[in-house]
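Everything below concerns the one structure shown next.
Protein chains: 2
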Amino acid sequence: MIRLTNVERIFQVGEQPVHALDHINLTVNAGEYLSIMGPSGSGKSTLLNILGMLDRPNSGHYRLLGRDTTELNDAEQAALRRNTIGFVFQSFHLVPRLTAAQNIELPLVLAGIDIEERTARVAAILKSTDLSTRSHHRPDQLSGGQRQRVAIARATIMHPALLLTDEPTGNLDRSSGNEIIAILEQLNSQGITLIIVTHDQEIGQRAQRQLRMVDGRIVADQARSPR
Amino acid sequence: MIRLTNVERIFQVGEQPVHALDHINLTVNAGEYLSIMGPSGSGKSTLLNILGMLDRPNSGHYRLLGRDTTELNDAEQAALRRNTIGFVFQSFHLVPRLTAAQNIELPLVLAGIDIEERTARVAAILKSTDLSTRSHHRPDQLSGGQRQRVAIARATIMHPALLLTDEPTGNLDRSSGNEIIAILEQLNSQGITLIIVTHDQEIGQRAQRQLRMVDGRIVADQARSPR
Ligand SMILES: Nc1ncnc2c1ncn2[C@@H]1O[C@H](COP(=O)(O)OP(=O)(O)OP(=O)(O)O)[C@@H](O)[C@H]1O
Ligand SMILES: Nc1ncnc2c1ncn2[C@@H]1O[C@H](COP(=O)(O)OP(=O)(O)OP(=O)(O)O)[C@@H](O)[C@H]1O
Ligand SMILES: [Mg+2]
Ligand SMILES: [Mg+2]
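Taken in sequence, the protein lines are chains A and B. Numbering-wise, our numbering puts 268 at position 159 of the first sequence, and it's gapless, one number per residue. Numbering-wise, our numbering puts 224 at position 115 of the second sequence, and it's gapless, one number per residue.
See below:
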């Protein structure tokens with residue numbers, strides 16, 4: 110499903126190069142459930158952005174579902190991303206002028222799904238993320254945790270083959286956080302490949318496979334301890 | 110230092126009123142160290158915004174350092190806020206075009222402090238928040254946790270009498286989070302009144318006094334269990 114080979118990502122700030130990703134090699138099979146943990150600034154979001162085709166490596170290759178993404182043009186990348194990947198951003202990136210329901214509906218609109226089906230699916234996901242009473246609110250009329258749940262609903266409503274989530278419970282209390290993780294794990298049990306970047310040890314340790322990053326490298330890659 | 114009397118905050122969305130704060134009564138003495146916890150959407154950020162004079166109650170009163178804030182005009186409120194309060198926002202609100210160092214320096218510039226002293230103080234706080242190598246980066250060139258630390262540095266650099274922090278460790282790993290809390294507790298030991306809104310039980314339970322909110326009300330107000 111995913112194969113990163115010798116991936117490097119270097120940012121230039123003035124004269125200083127920042128090695129955000131340093132020779133990353135990673136294979137992920139379809140249906141796996143991974144967590145990625147590590148200190149602030151270790152490269153977790155950068156890695157997720159490359160996996161989500163929101164950024165390109167400076168060198169190395171990224172094969173997604175067997176295709177070398179570096180050989181696709183922008184339009185092909187956009188199509189692959191839209192059809193395959195759901196992304197929950199660390200800072201949400203909701204559309205400010207749309208309501209919660211409209212933000213969540215957006216991927217369905219882009220996929221050409223008819224209004225009856227869209228309405229039903231949005232209503233169902235508003236219910237499962239406990240947002241039904243906030244569907245008409247715009248992002249600036251929502252709490253931090255409510256915005257986070259809108260971002261999660263939007264990313265999951267199309268049941269994408271690959272779900273990339275960056276700190277999906279960072280603004281949630283333990284109980285709402287567990288509800289969200291339950292939703293994500295349910296999708297994984299249906300075959301969706303799930304990657305969770307998190308600072309929360311309790312959440313990270315639920316994953317079948319747990320990666321640790323430090324200074325742009327993967328320094329550990331372990332199976333979950335037996336329950 | 111702080112006295113909230115019968116404070117209500119009602120948002121109107123279409124025809125639906127949202128009772129974000131419901132008859133809040135709260136007294137906080139100078140130098141206290143409080144945590145505020147509670148489910149997503151329970152009113153924590155709204156309460157903090159009122160305390161920070163970023164929002165006004167619909168009814169009730171807020172006395173800060175003996176002055177009724179509802180009787181101050183906008184200019185007086187802005188002056189009181191600038192001189193008294195440091196605020197760490199749940200979504201950071203950094204200035205996009207300024208570097209990390211310039212963002213942190215901003216309160217010192219507004220206070221008319223000379224450039225030599227500003228440079229020294231910014232350098233010291235960059236060191237204590239582990240941001241020295243990122244001082245020239247703009248917010249979009251920083252990781253989520255690095256932005257959070259810039260927001261904390263900016264809020265604390267003036268040693269304000271009242272420090273209001275909304276989820277200050279939400280984007281940080283356990284170890285960076287503990288470093289930040291150590292900085293905040295050190296300021297409190299010097300007399301600064303400290304209020305931390307958090308979803309993290311481990312962090313919330315360090316406070317001398319722990320409030321719990323549900324549906325816009327304070328439902329618990331307890332002293333820390335003996336260590
Ligand atoms: N656009 C950019 N330009 C320059 N440097 C960048 C840029 N984006 C990220 N960086 C740097 O690359 C490093 C990795 O950033 P990244 O956002 O991947 O970290 P992270 O592991 O997600 O951290 P956090 O846990 O704080 O969210 C950081 O040190 C950051 O300062
Ligand atoms: N500008 C607004 N207009 C309408 N409703 C709002 C507005 N701001 C907040 N709300 C609503 O008021 C309630 C309290 O919001 P608040 O941001 O204080 O919650 P919170 O406790 O900080 O939540 P979280 O833990 O998710 O950050 C929420 O239900 C939210 O939807
Ligand atoms: Mg990150
Ligand atoms: Mg909040």
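Yeah, the Cβ is synthetic: ideal placement off N, Cα and C, and Gly gets one too.
Look up residue 337/B in the DSSP assignment and say whether it is helix, strand or coil. The structure shown does not extend to residue 337/B, since chain B spans only 110 to 336, so no value can be given for it.
Mind reading off the beta-carbon distance from residue 307/B to residue 151/B? Whole number of angstroms is fine, and I expect it under 8 Å. That pair is no contact at about 13 Å.
Flag this pair as touching only if the stretch 185–203 of chain A and the stretch 231–243 of chain A have three or more C-beta atom pairs under 8 Å; answer yes or no. With contact defined as three or more Cβ pairs closer than 8 Å, the stretch 185–203 of chain A and the stretch 231–243 of chain A are not in contact.
Determine, using beta-carbon pairs with one atom in the stretch 112–132 of chain A and one in the stretch 171–183 of chain A, whether at least three such pairs fall under 8 Å. The stretch 112–132 of chain A vs the stretch 171–183 of chain A: in contact.
Heavy atom of ligand 2 less than 7 Å from the Cβ of residue 167/B, yes or no? Checking the 7 Å criterion, the Cβ of residue 167/B is out of range of every heavy atom belonging to ligand 2.
Can you pull out the residues from the stretch 146–167 of chain B whose beta carbon lies closer than 9 Å to at least one beta carbon of chain A? Hits within the stretch, in order: 146, 147, 148, 149, 150, 151, 152, 153, 154, 155.
Whole angstroms are fine: how far does the CA of residue 269/A sit from the CA of residue 263/A? Put simply, the backbone Cα of residue 263/A is about 11 Å away from that of residue 269/A.
Using the DSSP secondary-structure output, state which residues sit across from residue 239/B in a beta bridge. DSSP lists no beta-bridge partner residue for residue 239/B.
Would you say residue 211/A reaches chain B, if we count a Cβ-Cβ gap shorter than 8 Å as a contact? Residue 211/A does not count as touching chain B.
Chain B beta carbons: is any one of them nearer than 8 Å to that of residue 308/A? It does; some Cβ of chain B falls within 8 Å.
Nearest-angstrom Cα separation, counted from residue 178/A out to residue 241/B: Computed Cα separation, rounded: 36 Å.
Helix, strand or coil: which one does DSSP assign to residue 208/B? Coil at residue 208/B, not helix or strand.
Can you pull the DSSP bridge partners for residue 117/B? Looking at the DSSP assignment, residue 117/B forms a beta bridge with 168/B.
Helix, strand or coil: how does DSSP classify residue 280/A here? Reduced to three states, the DSSP call for residue 280/A is coil.
Around the C-beta of residue 284/A, are 16 or more other C-beta atoms found within 10 angstroms, so that it is buried, or is it exposed? Counting Cβ neighbours within 10 Å, residue 284/A comes out exposed, since fewer than 16 surround it.
Hey, would you say the C-beta of residue 150/B is under 7 Å away from at least one heavy atom of ligand 3? Every heavy atom of ligand 3 is 7 Å or more from the Cβ of residue 150/B, so no.
Which residue's Cα is closest to the Cα of residue 205/B: 182/B, 297/B, 249/B? A check of alpha carbon separations from residue 205/B across 182/B, 297/B, 249/B identifies 249/B as the nearest.
Sheet register partners of residue 136/A (DSSP bridge): In the DSSP output, where bridge partners are listed per residue, residue 136/A has 112/A.
Could you check if residue 154/B belongs to the surroundings of ligand 6, using beta carbon to heavy atom distance under 7 Å? No copy of ligand 6 occurs in the structure displayed; its ligands are ligand 1, ligand 2, ligand 3 and ligand 4 alone.
Tell me which residue opens and which closes the alpha helix (DSSP H) that residue 154/B is part of. Residue 154/B -> alpha helix (DSSP H) spans 153–160.
At a Cβ threshold of 8 Å, is residue 130/B touching chain A? In terms of beta-carbon proximity, residue 130/B stays away from the interface with chain A, with every pair separated by 8 Å or more.
So is residue 297/B buried or exposed if we call it buried at 16+ other beta carbons inside 10 Å? Around the beta-carbon of residue 297/B, 16 or more other beta-carbon atoms lie within 10 Å, marking it buried.
Just checking residue 200/A against ligand 4 - is the residue's beta carbon closer than 7 Å to any of the ligand's heavy atoms? False, no ligand heavy atom lies under 7 Å from that Cβ.
Helix, strand or coil at residue 286/A [DSSP, three-state]: The answer is helix: DSSP assigns residue 286/A an H, G or I state.
Helix, strand or coil for residue 343/B? Go by DSSP, reduced to three states. Only positions 110 to 336 of chain B appear in this structure, which leaves residue 343/B out of reach.
Quick one: what does DSSP say residue 183/A is sitting in, helix, strand or coil? Looking at residue 183/A - three-state DSSP - the assignment turns out to be helix.
Measuring from the CB of residue 223/A, is there a heavy atom of ligand 3 at a distance below 7 Å? It does not: the Cβ of residue 223/A is nowhere closer than 7 Å to a heavy atom of ligand 3.
What does residue 284/B reach in chain A if we use C-beta pairs closer than 8 Å? Identification of chain A residues near residue 284/B by a Cβ-Cβ cut-off of 8 Å yields 148, ordered along the chain.
What does residue 192/B reach in chain A if we use C-beta pairs closer than 9 Å? Correct list: empty, because the minimum Cβ distance to chain A is about 27 Å.
Using a Cβ-Cβ distance under 8 Å, would residue 281/B count as near chain A? Yes, contact with chain A.
Using a Cβ-Cβ cut-off of 8 Å, state whether residue 314/B counts as contacting chain A. Chain A, which has no Cβ nearer than 8 Å to the Cβ of residue 314/B, makes this no.
Closest by CA to residue 124/A, which one among 191/B, 333/B, 243/B, 305/B? The shortest Cα separation from residue 124/A among 191/B, 333/B, 243/B, 305/B belongs to 243/B.
Close-in-space but distant-in-sequence residues of the same chain around residue 245/B (CB under 6 Å, 5 per side omitted): Taken in chain order, the residues that qualify are 208.
Are the CB atoms of residue 320/B and residue 330/B within a distance shorter than 8 Å? Going by beta carbons, residue 330/B and residue 320/B fall inside the 8 Å limit.
Mind listing the chain B neighbours of residue 202/A? Cutoff is C-beta to C-beta under 7 Å, in chain order. The contacting residues do not exist; residue 202/A stays about 12 Å from chain B at best.
Tell me which residues of the stretch 241–255 of chain A have at least one Cβ-Cβ distance to chain B shorter than 9 Å, keeping chain order. For the stretch 241–255 of chain A, which is checked against every Cβ of chain B, the residues closer than 9 Å are 242, 243, 245, 246, 247, 250, 251, 252, 253, 254, 255.
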